[in-house]
Every structure is written in structure tokens, then in C-alpha cells.
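Colleague: This is the structure, below, for whatever I ask next.
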């Protein structure tokens, strides 16, 4: 009876600590407490049920959990070449670069690691985490093969992550990147995971991203260009890429990615790239003074606003938030080739809700198909468990 009471208390606490406000405020506390409390629930529940010879209903759950931990450990060892003789020391390091005030670009070199576009992987950074084996999932913002259509055989692949620094682990990573600007940290990968959609069957693909949600839409976009470049089985004829962000400092990285990818797209593929700056940068200057040995040194730091011509010509830069309803309805009305349409969205809850509302209206809902408009498939990617 004591074991049963303990098991029930652990499950009740795990349920209370799983509500969204607690996850948003203290996600790492929720994660660790959830693991500990569920382990107590299973072990104490087994001891309670075994008296009535019902333990066989519980111990398989412990076995499955242990098997999952073992397989993940084996994957980490294999993906990171821990016990290989000819192991490249650089494969255990990640390059960390601060792109903006709260966004970190983290990249790793891997030779025997492959993934599908928009899959995610768990990243272990022992020097950043509070616990040695603490892992966090991030969507891979790159593709495994080259954009020109060729495959990588024995070459190293760039596993790129775009991480937004918020609280806990990501805040410590942001502080580290801010201190070192561009440095390396020990890193290990577990993955890949996820089953992203295959967009090659659609004639029109619309990508909508908000902030770091581009980590999900960009690989799908690059993969469609790759399929088009190598003459693969792709029915895609038009791509609309929409990215809403607050910080313009992320645009040079995006512009560089387009510069490397777009030359490989054939003329039969129509590409429209629109970037919306929801909080346009303002010319600001700040001065600071410091005194060393009785002398005063002043430094002035100025942030300048870039011109749209500084970026790739395919980028259409606009201030403010995108009119999601109007953009989607215009694209749906223009899709008259009889094909189907895919909408992929990743970003804040407000952005995904706006896309859902636009696609559930009379102009784009089920009734629109009866009027001859294309069938629409919606894929939504959320940021993580805390949202």
C-alpha cells in the first residue's frame, strides 16, 4: 500500500508539473522532474502490483524504456565515432557563432551522419549543460546532400542548427557565443528523428516561417531546388518562401544560402522569396567610457541599416507583418494548372493560427475544391514541447 500511494503521488505531481505555464517558465525543471517522477511511478507501481501478481503489466514498460535508452546511447557512440581508430578530433566539436542578439548558428562536421530535410536531432553539449548527458532537440537547418544535385560520398556534411537563445540551456549557449563570438564547444549528436513530408508530389509549395522557424522550412526549400537541379521526380513548378523576423542581422546568412542554392535551379522552377521585418532596425549609436591608469578611452558603436541591394536580388524585403490571408488566397487563386498545393508553416503560435484560419475560410476550405481550386495540404511544425 505504501508503494501504491507513492506511485500515485508521483504520477499526480508529474501531471501537475506538466501544465503549459510551468513548462514555459521552467522547462528544464519540468523535464528533469518528469523523468524522475515517472521512474518512481513505474518502480513503485510494479512493487505495488506484484503482490497481486500483476507486475507483468508494468515491467514491460521499464524494459521498453531501458531498450530505448540503450539504442540511443549506441546511436550517439556511432554518430560521433567515439571508439573509432581513425577518429577526426574535429567531429567532436561544434562551431558556435552569434548571428544576432538572441540567435546562434551552431554547425558540426559529420562524415557518417545522414538525415532527411527538416528532421531534428538531439544535441549534447557537456560544457554548456548542467548535466553531462543533457540533450536538447533542434531542427537541422541544412540538407545532407549538395544543392547542385550531386551526392556526398566520403565528404563531411555540415549539420547546421539555428538556435534562439531564451532561457536555461539556450541562454547559456547564447552567453557563451556572445563571449567568444565564434568558438568551438564539445558536441555530440543523437538522431536523426522525425518524419518530414515529401513535397515532390505538389505543383506549388508555400513556406511560411517566423523567426527560427526557418530551420524547418529552409531545408525543405533547398531540397526542392536540389531535386529540380538533378532532374528528379518532382512535380513542383512554383515555390513561395515567406520569412517574418525581427532582427535584420539574420539576413546576410540567409542571403548567402540563397546565393549558393538558386543558381542550380532550372528556369522551369518559379521561386518567390519574401522577407518581412516585423521590427525594422533603427540607426542607433551608443558611447561608453572607461578609465585606465587615469586616462579616458571612449568608443562609439554604430548600427547601420542595410539597403535591400546588399542582399540577394531574389529577396523581396518588406516592413511589417505579412498579410497571411491575402498572400495565401492570391496563391491559391493563381494555381490553375490542376495540381495540388502544399503549405508548410513553422513559427510562433499566432503565425500558425493565422495560417489555419486563412486555409479554413470559404476561399480556401473544402468548398473551394468543389469550385475548381486546388486541393491544399497543410503541414505545421511547432517549436518544441514548451509551446
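Numbering (UniProt numbering), first residue to last: 1 to 387.
We put the beta carbon where it would ideally sit given N, CA and C, even for glycine.
Look at the alpha carbon of residue 97 and the alpha carbon of residue 106, and state the distance between them as a whole number of angstroms.
Modeller: Straight-line Cα distance between these residues: approximately 6 angstroms.
Colleague: For a test of the three-state rule: what should DSSP assign to residue 187, helix, strand or coil?
Modeller: In the three-state scheme derived from DSSP, where H, G and I count as helix and E and B as strand, residue 187 is classed as coil.
Colleague: Taking three-plus beta-carbon pairs below 8 angstroms as touching, is the region 271-280 in contact with the region 308-328?
Modeller: Three or more pairs of CB atoms, one per stretch, sit closer than 8 angstroms, so the region 271-280 contacts the region 308-328.
Colleague: With a CB to CB cut of under 6 angstroms and the five nearest residues on each side skipped, what residues in its chain are close to residue 354?
Modeller: 324
Colleague: Can the beta-carbon of residue 216 be found less than 9 angstroms from the beta-carbon of residue 381?
Modeller: Yes, the pair counts as a contact, with Cβ atoms nearer than the cut-off.
Colleague: Less than 8 angstroms between the CB atoms is what I'm expecting for residue 343 and residue 225, so what's the real figure, rounded?
Modeller: Residue 343 to residue 225, Cβ: 18 angstroms. No contact.
Colleague: Tell me whether residue 12 sits in a helix, a strand or coil according to DSSP, three-state version.
Modeller: Helix, per DSSP.
Colleague: For residue 166, which residues in the same chain have their Cβ closer than 8 angstroms to its Cβ, ignoring the five residues on either side in sequence?
Modeller: 102
Colleague: Under 8 angstroms by Cβ, that's how I've got residue 94 and residue 170 pegged, so tell me the actual separation to the nearest angstrom.
Modeller: Going by Cβ atoms, the distance from residue 94 to residue 170 rounds to 14 angstroms, so no, they are not a contact pair.
Colleague: At 3 residues or longer, what runs of the beta strand (DSSP E) sit wholly inside the region 72-159?
Modeller: 93-98, 103-110, 120-124 and 135-139
Colleague: Looking at residue 108: is its Cβ nearer than 9 angstroms to the Cβ of residue 159?
Modeller: yes
Colleague: Leaving aside the five residues before and after residue 142 along the sequence, list all residues of the same chain whose C-beta is less than 6 angstroms from its C-beta, in chain order.
Modeller: 158 and 160
Colleague: I'd like to confirm the pairing. Which residues does DSSP put opposite residue 243 in its beta bridges?
Modeller: 209 and 275
Colleague: Could you check the C-alpha separation between residue 254 and residue 49 for me, to the nearest Å?
Modeller: 57 angstroms
Colleague: In whole angstroms, what separates the C-alpha of residue 350 from that of residue 194?
Modeller: Inter-residue distance for residue 350 and residue 194 is about 24 angstroms (C-alpha atoms, whole angstroms).
Colleague: So, for residue 236: in the same chain, excluding its five sequence neighbours on each side, which residues have a beta-carbon less than 8 angstroms away from its beta-carbon?
Modeller: The answer, listed in chain order, is 199, 200, 202, 203, 204, 205, 224, 227, 228 and 269.
Colleague: Quick test of your reading: residue 58 and residue 46, contact by CB under 8 angstroms. State the CB separation rounded to the nearest angstrom.
Modeller: 4 angstroms
Colleague: Roughly how many angstroms separate the alpha carbons of residue 129 and residue 256, rounded to a whole number?
Modeller: If you draw a straight line from the Cα of residue 129 to the Cα of residue 256, it is about 31 angstroms long.
Colleague: Can you give me the Cβ contacts of residue 172 inside the same chain, cut-off strictly under 7 angstroms, excluding the 5 residues immediately before and after it?
Modeller: Apart from sequence neighbours up to five positions away, the residues of its chain that approach residue 172 with a beta-carbon distance below 7 angstroms are 128, ordered along the chain.
Colleague: Quick one, which of 176, 190 and 249 has its alpha-carbon nearest residue 70's?
Modeller: 190
Colleague: Taking DSSP as the reference, what is the three-state secondary structure of residue 259?
Modeller: helix
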